[in-house]
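Participant:
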Amino acid sequence: MTRQKIQIKKIDNVAARQVTFSKRRRGLFKKAHELSTLCDAEIALLVFSATGKLFEYASSSTGQVVERRNLQSERIDRLDPSPPLELQLESNTYAMLIEEVAEKTRELRHLRGEELQGLGLEELRNLEKLLEGGLTRVMETKDEQFFKEINSLKWKVTAHLQLGR
Numbered sequence: 086m087t088r089q090k091i092q093i094k095k096i097d098n099v100a101a102r103q104v105t106f107s108k109r110r111r112g113l114f115k116k117a118h119e120l121s122t123l124c125d126a127e128i129a130l131l132v133f134s135a136t137g138k139l140f141e142y143a144s145s146s147t148g149q150v151v152e153r154r155n156l157q158s159e160r161i162d163r164l165d166p167s168p169p170l171e172l173q174l175e176s177n178t179y180a181m182l183i184e185e186v187a188e189k190t191r192e193l194r195h196l197r198g199e200e201l202q203g204l205g206l207e208e209l210r211n212l213e214k215l216l217e218g219g220l221t222r223v224m225e226t227k228d229e230q231f232f233k234e235i236n237s238l239k240w241k242v243t244a245h246l247q248l249g250r
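Residues in the sequence shown are numbered consecutively from 86, following the numbering used here.
Given below as structure tokens:
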């Protein structure tokens with residue numbers, strides 16, 4: 086018989102909940118002990134039951150582990166009060182992306198002929214060249230599409246005339 090997966094949700098039956106709590110607590114403490122033994126890790130595990138009863142496991146002393154954690158936290162706070170490098174990089178990247186989006190939005194508005202008042206003569210000439218190049222490419226693509234459509238219609242007319250004879 087294989088074990089069934091259970092849905093992780095609060096167990097409604099109080100007796101079943103207490104049995105599950107006890108079994109899983111023992112399993113959790115066993116895993117903590119194994120981790121401590123296998124990896125020489127210093128572990129403190131505190132569990133409070135629904136009734137408020139404290140259960141604890143510590144590879145040495147719970148108080149020592151908690152004190153060590155507090156000292157580590159204080160040392161980190163004293164050494165580096167600034168946010169982690171990862172967050173700083175994300176913040177810088179975000180700021181650069183915001184700036185880039187604003188610039189691209191301005192460029193798009195200029196291409197649409199909007200907000201041109203602040204542009205100088207040289208910028209207007211560059212914008213005109215850019216638009217002329219784009220317009221040329223649009224017209225060439227449109228002409229290609231017309232040519233393909235005309236050829237397709239000619240081929241259909243020729244095929245239709247040949248079938249009609």
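Think of the CB as a built atom: it goes at the ideal place given N, C-alpha and C, for glycine as much as any other residue.
#1: Would you say the region 132–146 touches the region 113–123, given that touching needs at least three Cβ pairs under 8 Å?
#2: Compare the C-alpha of Ile-93 against each of Thr-105, Ala-100 and Thr-87 and name the closest.
#3: Are Leu-209 and Leu-196 close, meaning C-beta to C-beta below 9 Å?
#4: Is Leu-204 helix, strand or coil when you go by DSSP?
#5: Which residues does DSSP pair with Tyr-142 in a beta bridge?
#6: Can you grab the Cα-Cα spacing for the pair Ile-128 / Ser-121, in whole Å?
#7: Using CA coordinates, which residue listed in Arg-222, Lys-138 and Glu-200 is at the minimum distance from Ser-107?
#8: With H, G and I counted as helix, E and B as strand and the rest as coil, what does DSSP make of Thr-105?
#9: By the 10 Å Cβ neighbour count, where 16 or more other Cβ atoms means buried, how is Leu-130 classified, buried or exposed?
#10: Leu-193 and Leu-201 - do their beta-carbons sit closer together than 9 Å?
#11: Which whole runs of the beta strand (DSSP E) in the region 195–246 are 3 residues long or more, in chain order?
#12: Quick check: what's the CA-CA separation for Glu-217 versus Gly-198?
#13: Quick check: what's the CA-CA separation for Leu-220 versus Val-186?
Facilitator: According to the structure data:
#1: yes
#2: Start at 1 with the first residue of the sequence shown, and residue 93 comes out as number 8. Taking only the C-alpha atoms, the option nearest Ile-93 is Thr-105.
#3: The sequence position of residue 209 within the sequence shown is 124, counting from 1. The sequence position of residue 196 within the sequence shown is 111, counting from 1. Result no, Cβ atoms of Leu-209 and Leu-196 do not sit closer than 9 Å.
#4: Position 119 of the sequence shown, counted from the first residue, corresponds to residue 204. Looking at Leu-204 - three-state DSSP - the assignment turns out to be coil, as it is neither helix nor strand.
#5: Counting from 1 along the sequence shown, the entry for residue 142 is found at position 57. BP columns for Tyr-142 point to Leu-130.
#6: Taking the first residue of the sequence shown as 1, we reach residue 128 at position 43. Taking the first residue of the sequence shown as 1, we reach residue 121 at position 36. In a straight line, the C-alpha of Ile-128 is about 6 Å away from that of Ser-121.
#7: One-based indexing of the sequence shown puts residue 107 at position 22. Measuring from the Cα of Ser-107, the nearest candidate turns out to be Lys-138.
#8: Counted from its first residue, the sequence shown places residue 105 at position 20. Helix at Thr-105.
#9: Position 45 of the sequence shown, counted from the start, is the residue given in the question as residue 130. Under this definition Leu-130 is a buried residue.
#10: Here residue 201 refers to the residue found at position 116 when the sequence shown is read from its first residue. Here residue 193 refers to the residue found at position 108 when the sequence shown is read from its first residue. Not closer than 9 Å, so no.
#11: none
#12: For this step, residue 217 is matched to residue 132 along the sequence shown. For this step, residue 198 is matched to residue 113 along the sequence shown. So the two alpha carbons sit approximately 13 Å from each other.
#13: Translated into the one-based positions of the sequence shown, residue 220 becomes position 135. Translated into the one-based positions of the sequence shown, residue 186 becomes position 101. If you take the alpha carbons of Leu-220 and Val-186, they lie about 24 Å apart.
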